[in-house]
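In this text, residue positions in the sequence shown follow our numbering: the first is 798, and each later residue adds one.
Here a beta-carbon is modelled for each residue, glycine too, at the ideal position from N, C-alpha and C.
Structure record follows, encoded as structure tokens.
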Amino acid sequence: MRKILLSGIIAIVIGGGLFFSLNGQKIVHTDSVDVNQFVVANYNIENGFDLVSNGSEYAEFIPNFKGWDRESFEKKFNNIAKVISDLNPDVIAIEEIENENALNELKKRLDVRGVHYTYFAITSNKQSAVQVAVLSKFRITDKQEIGLASQRRERPILKLTLDIAGNHLIIYANHWKAKTGPESMRLEYARALMTDIAVLPKGSDYIILGDLNSNYNEFETITKEQRINDTAGITAINDLLKTTTIKNGVKKVADKVDVVADSSDSLRYNLWLEIPRNDRMSETFGKEKDTPDNMIIPKAMFDKKGISYIDGSFSVFSPSYLLDKNGRPFRWEGKDRRNNLRPDGYSDHLPIFAKFSTKPFEVEQKNSMTVPTQTKLLESKKAPTQITVSQIYDKNITGKSDLILRGCVVISKSKGGVIIKQQNSRGIFVYDPPFDMKLGFSYDLRVTDIVDYKGLKEIKTIFDAKENGKMEYRKLLLKYSNQDLSASEFQNEVVTGVEGFISRGKFVYGQNKEIGIYFVDKKVKPKNLTKIIIKSAQVGCYEKPQLAIVNGADFVVAE
């Protein structure tokens, strides 16, 4: 397996010219762009072919052959121009554009819409049907193409240096091998990329972006795709680009705290962590939400010099017209003469974007979280409401809010979140907290979004937090004494000392009471009719009340 990872990986750097256009159109110059807040985006436009036959087109995009005619071309390129002009980024990487002629056709339509890009660059691998391009309102001072010796038909990595008010920002625009190929092919891209990054001056500002055909948490999802897993679970995006770390013996995607605290400066931050887990999607496969399009930044983007990331600004551009009725990307559908269908749609991907600045990095956006012990509950013109967890249930609070919850102790912790509870109050689930909430520690929290998910009350967004120290959390657990655990008053409690047996997905306990039971770790799930004593279980809900067992330590098999 080591041979697969290390052999045949030779980066080829191809020098290239810089491109710009002054074709009589009104040009927006660099000094008119707000360097204190500029937008960098990425968009895989899906098959952006022109109407000139080059012999390298996919069969369905041979001009005037299978419906790819003037009508389809105009519709496709006008639609893509609408998306980019509505987003109006200052820099945008584009994947699946056929060539420079196709890129110029897109630029013309952007000019008509009043969005002008003075500078552009595009890869030039004639063996590939599609290229990687970048449109920029900032001057491009250097261009290189990083190719792979063993994948000459694939897209090179486009490396550009931008001049932003005298600061250098390096863009690595990528379109890695699709998952029609194994992970070892994406490892070659990552290794070539890391070879180039390794020789950058210390503290360089750069952005790795593009369609990496890898989820932000690929080390988890690859285990479900054995067809592509020829690397024993080693992934390009996580292991080679170093976007994961080990904490308490568990591998996890590195968050901002991990990256900033990393003394080796080797960890990188994937901006997908800026938004709630349920919202992480730029492409779908069946019912699965995928994140093949990524934006990854180094520790240098969190400092006080050069270019800095604007905290909490990463997002997916998803206006309603880019989504179908099922909330999936409204992908391009070509002309179908048999069914009298006109061409329409956009792409199977959604654009992603983030904001950057020449000002020093500041923690100020709603989804940001640094080290909690160093933050203060933020002030606003309208003071947040101090409330108890019990009042959230009593008043049935959901949606956007601005609440202060004090003395919230973490009484249970799992992969997807934590349960917090106040003294003499109730518990509530915190979904995917933006920092490491430690078991047994107390926090003051500022909460800005609460949801009901499948019947379970959850905190979705924490705006800010303050750590108070470690507490004896076990005294806050619910000790079982013949309660009906399916009653709503016990939702989000952590119950202990319940004895019963498993019966076809139910837990039968007490005097013939029963409730659904879910084992997060399927490997520890007991056989039917096994008697167990529960030491710790969340009283949850997934459309119906259920107990959630996190791991094998949460119960024992009764004699």
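Beta strand (DSSP E) containing A1151: first to last residue?
Residues 1149 to 1154.
Short Cβ contact (8 angstroms threshold) for R1223 with Y1190:
In contact: R1223 and Y1190 (Cβ atoms closer than 8 angstroms).
Shortest alpha-carbon distance to R988 belongs to which of G978, T1032, H965, N964?
Per the Cα distances, T1032.
Please report the Cβ distance between I1034 and M1092, rounded to the nearest whole angstrom; I am assuming they are in contact, meaning their Cβ atoms lie under 8 angstroms.
The beta carbons of I1034 and M1092 sit about 12 angstroms from each other, so the pair does not count as a contact at 8 angstroms.
Tell me whether K1332 sits in a helix, a strand or coil according to DSSP, three-state version.
Coil, per DSSP.
Can you have a look at R983 and say buried or exposed, based on whether 16 or more other CB atoms are within 10 angstroms of its CB?
That one is buried.
Does the beta-carbon distance from N1279 to D1008 come in below 8 angstroms?
Taking 8 angstroms as the cut-off, the beta carbon of N1279 is found no closer than this to the beta carbon of D1008.
To the nearest angstrom, how far is the alpha carbon of K1254 from that of Y1066?
K1254 and Y1066 have their C-alpha atoms some 30 angstroms from each other.
Cβ contact check for the region 1037 to 1051 and the region 1192 to 1211: 3 or more pairs under 8 angstroms
Pairwise C-beta distances place the region 1037 to 1051 out of contact with the region 1192 to 1211, as fewer than three of them are shorter than 8 angstroms.
Entirely enclosed beta strand (DSSP E) segments - the region 1218 to 1292, minimum 3 residues:
Within the region 1218 to 1292, complete beta strand (DSSP E) segments of at least 3 residues are found at 1224 to 1228, 1238 to 1250, 1253 to 1267, given in chain order.
Specify the secondary structure class of N1035 as computed by DSSP and reduced to three states.
In the structure shown, N1035 sits in a helix (DSSP, three-state: H, G or I).
Here's a check: name, in chain order, each residue in its chain whose Cβ is nearer than 7 angstroms to the Cβ of L848, leaving out the five neighbours to either side.
If we look at L848 and ignore the five residues flanking it on each side, its Cβ neighbours are P860, R867, F870.
Out of D960, V1248, P1089, which one is the CA nearest neighbour of V1227?
If we check each option's Cα against that of V1227, V1248 comes out closest.
What are the residues that DSSP puts in a beta bridge with S1209?
Paired residues: I1216.
By the DSSP assignment, the beta strand (DSSP E) with Y777 in it spans what residues?
In the structure displayed, the chain extends from 798 to 1356; residue 777 sits before or after that span and is not available.
Is the distance from the Cβ of I1225 to the Cβ of L1273 below 8 angstroms?
No, Cβ-Cβ distance for I1225 and L1273 is not below 8 angstroms.
Quick one: what's S1105 bridged to in DSSP?
Its beta-bridge partners are S1154.
Can you tell me whether DSSP reads S1187 as helix, strand or coil?
In the structure shown, S1187 sits in a helix (DSSP, three-state: H, G or I).
So, for D1281: in the same chain, excluding its five sequence neighbours on each side, which residues have a beta-carbon less than 7 angstroms away from its beta-carbon?
Cβ-Cβ distances below 7 angstroms link D1281 to K1310 in the same chain, with the five nearest sequence neighbours on each side left out; the list follows chain order.
Residues bridged to I1043 by DSSP?
Looking at the DSSP output, I1043 shares a beta bridge with K1048.
Enumerate in chain order the residues of its own chain whose CB-to-CB distance from L1121 is below 7 angstroms, with the five nearest sequence positions on each side excluded.
Just to set this straight, residue 1121 is Asp in the shown sequence, not Leu. F1127, listed in sequence order.
List, from N- to C-terminal side, the alpha helix (DSSP H) runs of 4 residues or more that fit wholly inside the region 842 to 890.
The qualifying runs are 867 to 884.
Use the C-beta contact count for E1071: other C-beta atoms within 10 angstroms, 16 or more gives buried, fewer gives exposed.
Result: buried.
Simplified DSSP state of V1354, which is helix, strand or coil:
V1354: strand per DSSP, three-state reduction.
Within 10 Å of its beta-carbon, does N1010 have 16 or more other beta-carbons around it, so buried, or fewer, so exposed?
Taking all protein chains in view, the Cβ of N1010 is crowded by 16 or more other Cβ atoms within 10 Å, so the residue is classified as buried.
Tell me which same chain residues have a C-beta within less than 6 angstroms of the C-beta of K1173, skipping the five on either side of it?
The predicted position of K1173 is uncertain, since its pLDDT is 34 and thus under 50; no value can be drawn from it.
Looking at the unbroken alpha helix (DSSP H) that takes in N898, where does it start and where does it end?
Looking at the DSSP string, the run of the alpha helix (DSSP H) that includes N898 is 897 to 909.
Measure how close the beta-carbons of L1064 and V1054 come, nearest whole angstrom, since I'm counting them as under 8 angstroms.
Their Cβ separation, rounded to whole angstroms, is 10 angstroms, which puts L1064 and V1054 out of contact at 8 angstroms.
Would you say the region 1309 to 1329 touches the region 1228 to 1237, given that touching needs at least three Cβ pairs under 8 angstroms?
Too few Cβ pairs lie closer than 8 angstroms, so no.
For D1027, which residues from the same chain have a beta carbon less than 7 angstroms from its beta carbon, with the 5 sequence-adjacent residues on both sides left out?
Excluding positions up to five away in sequence, the list reads I801, P979, E980, S981.
Quick one: what does DSSP say V1054 is sitting in, helix, strand or coil?
The answer is helix: DSSP assigns V1054 an H, G or I state.
Please tell me whether S1061 and S1105 are closer than 8 angstroms, where the distance is taken between their beta carbons.
Contact flag unset, no.
Whole angstroms is fine: what's the gap from D908's alpha carbon to G1142's?
Each residue's CA atom was taken as its position, placing D908 and G1142 some 21 angstroms apart.
List the DSSP bridge partners of Q834.
According to DSSP, which records beta bridges pairwise, Q834 is partnered with nothing at all.
Where G963 and S1001 are concerned, what is the direct C-alpha to C-alpha distance, given to the nearest angstrom?
Near 14 angstroms, if we compare the C-alpha coordinates of S1001 and G963.
Could you spell out where the alpha helix (DSSP H) holding E985 opens and where it closes?
According to the DSSP assignment, E985 belongs to the alpha helix (DSSP H) that extends over 980 to 994.
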